[in-house]
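Residue 537 in this note's numbering sits at position 130 of the sequence shown; the count goes up by one each step and never skips.
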Amino acid sequence: MQTFDFQNFVSALDTAQQAHFQWSRRILRCAVLHTRPQEDMMRENAHHICLFGQFLEQHQIAFYTINAERAEQLFLVHKQMHDAIRTIAIPISQGLPGNEADLNEFETTQEAMLDHLAFFKTNAIHQYTQIDSLTGLPLRQRLTQDYDAKRDCCQGDVGLMFLDVDHFKSINDSYGHNIGDQVLQHLVKQTHSQLDSHQSMYRYGGEEFVVMTCNLNKPHGVLALAEQIRTSLFDTPIQIDNGGVIQISVTIGIAMASGGEPLANLIERADHAMYLGKKQGRNRVIHLER
């Protein structure tokens, strides 16, 4: 899993953009010479296997951390651009004229993709001080900033999960801090795969993480998602660098926002629920009513 480092991310973004321009030149050459593009450019999964697509996949968490809605749009227009090229290339390779509508689709999606990239580069420069370099997640400062906005757009239907890795100190003591870092990165990647654009994940401190939810049919939807996260982590042991396997579990405390409840109160209730779960044996989800 990629860590979020400001300079490396921006540098990688520039390199990936150059790779895309090289890809575009290959397409232009095929169009001028009326030749069929290479097979890797014609596959239905070409948007995954091109160098730029690999960059998007490797830095997915960073993109979604900066702006989830724009990230979804970026991934979509990149696929649409590849689809348009595939449609254009077939008649051209047969000496037939291309379709103007398909060409317009390619130009529109490529322009949109470059616009998204400019947005992410600008925002990466602005936000890098609020991003955890190990996991690529926003830190607690961003949680404070995001809570009011989330509460307004979700009309108060905001839930908070407080996740804590069980026996994390023992993992560090037994395997070392480098392995401990791998465990945290694995947890973030696995948890993040369970979330959509309406949920946000933050590194709160140490082995503690927060997931903020929106419009999940409280509290049942939030409980279901928390149980899904807990099960996914427990059922997916981590393969560590020395060839060993570590099974991890988390205890999750849940609190649902009530009215204009301050974030500090919500965190305190979720944290209290999590500690009750620890006392009851760990590896469980606890929700406390107000």
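We treat Cβ as the ideally placed atom computed from N, Cα and C, and that holds for glycine.
Identify the continuous beta strand (DSSP E) that holds Leu567 and give its terminal residues. Val565 to Val572
Do Phe569 and Gly660 have their C-beta atoms closer together than 9 Å? yes
I'd like to know whether the C-beta atoms of Ser500 and Cys437 end up nearer to each other than 9 Å. yes
According to DSSP, what are the bridge partners of Phe616? Per DSSP, the beta-bridge partners of Phe616 are Leu570 and Arg610.
Rounded C-alpha distance that separates Gln687 from Val657: 13 Å
Could you tell me which residues DSSP puts in a beta bridge with Val657? In DSSP, Val657 forms a bridge with Val572.
Bridge-paired residues (DSSP) for Ala662: Paired residues: Leu567.
Under 7 Å Cβ to Cβ from Tyr611, same chain only, skipping five residues before and after it: list those, please. Arg547 and Val617
Supposed close pair Leu594, Ile655 - CB separation, criterion 8 Å: 7 Å
Of all the alpha helix (DSSP H) runs that stay within the bounds of the stretch 461-543, which reach a length of 4 or more residues? 467-473, 475-500 and 507-534
Any chance the stretch 482-489 sits against the stretch 502-509, with 3 or more Cβ pairs inside 8 Å? Not touching, per the Cβ criterion.
Helix, strand or coil for Ile693 per DSSP? strand
For Ile586, which residues from the same chain have a beta carbon less than 6 Å from its beta carbon, with the 5 sequence-adjacent residues on both sides left out? Excluding positions up to five away in sequence, the list reads Ile647.
Burial state of Gln552, where buried means 16 or more other Cβ atoms lie within 10 Å: exposed
Going by beta-carbon coordinates alone, are Leu683 and Leu695 separated by less than 9 Å? Result yes, Cβ atoms of Leu683 and Leu695 sit closer than 9 Å.
Own chain partners of Thr643 with C-beta closer than 6 Å, once the 5 adjacent residues on each side are dropped: Closer than 6 Å at Cβ, skipping near neighbours: Gln597.
Take Ser665 and list the residues in its own chain whose beta-carbon comes closer than 7 Å to its own, dropping the five residues that flank it on each side. Contacts found: Arg697.
Assigned secondary structure, Leu623 (DSSP; H/G/I helix, E/B strand, else coil): Taken through DSSP and simplified to helix, strand or coil, Leu623 comes out as coil.
So what does DSSP say about Gln552, is it helix, strand or coil? The answer is helix: DSSP assigns Gln552 an H, G or I state.
At 3 residues or longer, what runs of the beta strand (DSSP E) sit wholly inside the stretch 420-469? none
Reduced DSSP secondary structure (H/G/I, E/B, other) of Leu546: strand
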